[in-house]
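A.B. asks: Before anything else, here's the structure in question.
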Ligand SMILES: NC(=O)c1ccc[n+]([C@@H]2O[C@H](COP(=O)([O-])OP(=O)(O)OC[C@H]3O[C@@H](n4cnc5c(N)ncnc54)[C@H](OP(=O)(O)O)[C@@H]3O)[C@@H](O)[C@H]2O)c1
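Residue numbers (this note's numbering): 23 to 332.
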């Protein structure tokens, strides 16, 4: 089986490494000489090489598991020295749709293999035999059949059991950015925060508001995903059923639908790419962290997760 070299050791790479190791799939990790992650790979007993070293270039299959914003400079510096025909795996289509590495490096095979989970869930679903999905694209791969067969082995070793589903780099990029912007990383956490604030302002105990607005999210999403949309609505109480219809009619307004549609348009017409280029990621991360650290929801979470149960 051809060995995979995972580049970086962040959220995804840690989970991929642990799952591949436990499944016996051959891999190693490549880190920059100045990386902060050597202690972590050493502690886990993972074979590690230095990016750019002679050993690094011995392999011909790499998974680029570093932040998307770092892909361009990384590829410019190292990819020209990859063996012709080498495979580069991307866990998100963004790099190719934006940087067009398929044009800059036509002698490499650019393979999309997007696992649809955050790193911590890739590990915990693997350990609990849970469900994990992934999509792929071989549109910029020369030896499609062999590469797909090899990818299926990696996918199995990672614990993927929904898919592999075929897509394109473009479709994966659009769907991923849209779900982050419209639902997963905006609507859910910020609506929970808003509702938590409303409840405590009305004198409701923060612990109760926390359970209602944050902790229960996890439990209800489990039921939604396990039972499917119609099965979920069959499960909920009459109060929840009538309330759900009221909330749906009041909240999902034409303006809301048009705002959602505009998010997708901005992704499709590359306006969002420009916004990403202009963003100061370090400052933004810091200001969002500070905003959440100051929120009563975050403070209640910390309190409940530090105190032993009485
Ligand atoms: N976050 C998720 O769970 C998630 C979910 C779905 C898809 N993805 C995709 O998975 C890929 C990896 O994302 P991630 O969140 O796992 O990455 P990440 O945790 O941010 O990656 C951190 C790793 O990248 C290294 N790194 C940072 N900047 C670098 C640079 N300029 N050059 C070389 N190495 C650099 C870090 O170096 P040090 O060792 O020095 O710290 C560290 O090892 C991305 O394509 C992302 O879109 C991520």
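Cβ atoms here follow ideal geometry from the backbone N, Cα and C, with glycine treated the same way.
#1: Ignore the nearest five residues each way along the sequence and tell me which others in residue 263's own chain have a CB closer than 8 Å to its CB.
#2: Less than 8 Å separating the Cβ of residue 320 from some heavy atom of ligand 1?
#3: What's the C-alpha gap between residue 212 and residue 66?
#4: Under the DSSP definition of a beta bridge, which residues are partnered with residue 334?
#5: Taking 8 Å as the threshold, find out whether the region 179-199 comes into contact with the region 107-127 through three or more Cβ pairs.
#6: If distances are taken between C-alpha atoms only, which option among 247, 131, 159 and 42 comes closest to residue 148?
#7: Keeping to the same chain, check which residues put their C-beta closer than 6 Å to that of residue 52; ignore five residues upstream and five downstream.
#8: Output the boundary residues of the alpha helix (DSSP H) element that contains residue 62.
#9: Output needed for residue 202: all residues of its chain with C-beta closer than 8 Å, excluding positions within five of it in sequence on either side, in chain order.
#10: For the alpha helix (DSSP H) containing residue 100, name the first residue and the last one.
#11: What is the DSSP secondary structure of residue 83, reduced to helix, strand or coil?
#12: Look up residue 12 in the DSSP assignment and give the residues it is bridged to.
#13: Quickly, what does DSSP pair residue 28 with across the bridge? List them, please.
#14: For residue 72, which residues does DSSP report across the bridge?
#15: For residue 231, which residues of its own chain have a beta-carbon under 7 Å away from its beta-carbon, when the five flanking residues on both sides are left out?
#16: Suppose the cutoff is 6 Å on Cβ atoms and the five residues either side in sequence are ignored; what does the same chain contact list for residue 40 look like?
#17: Unbroken beta strand (DSSP E) runs of length 3 or more, entirely within the region 181-255: which are they?
#18: Quick one: measure Cβ to Cβ for residue 111 and residue 33, integer angstroms, because I've assumed they're closer than 8 Å.
#19: Looking at residue 199 and residue 274, is the spacing between their C-beta atoms short of 9 Å?
#20: Within the continuous beta strand (DSSP E) that includes residue 111, where are the two ends?
C.D. replies: According to the structure shown:
#1: 255, listed in sequence order.
#2: no
#3: 36 Å
#4: A query on residue 334 cannot be resolved here, the shown segment of the chain reaching from 23 to 332 and no further.
#5: Contact holds: three or more Cβ-Cβ distances are below 8 Å.
#6: 42
#7: 27, 29, 71, 73 and 78
#8: 60-65
#9: 208
#10: Start and end: 93-100.
#11: strand
#12: Residue 12 is absent from the structure shown; the chain starts at 23 and stops at 332.
#13: 51 and 85
#14: 53
#15: 218, 221 and 222
#16: 145
#17: 184-188
#18: Actually they do not touch by this definition, with Cβ atoms about 16 Å apart.
#19: no
#20: Element bounds for residue 111: 109-112.
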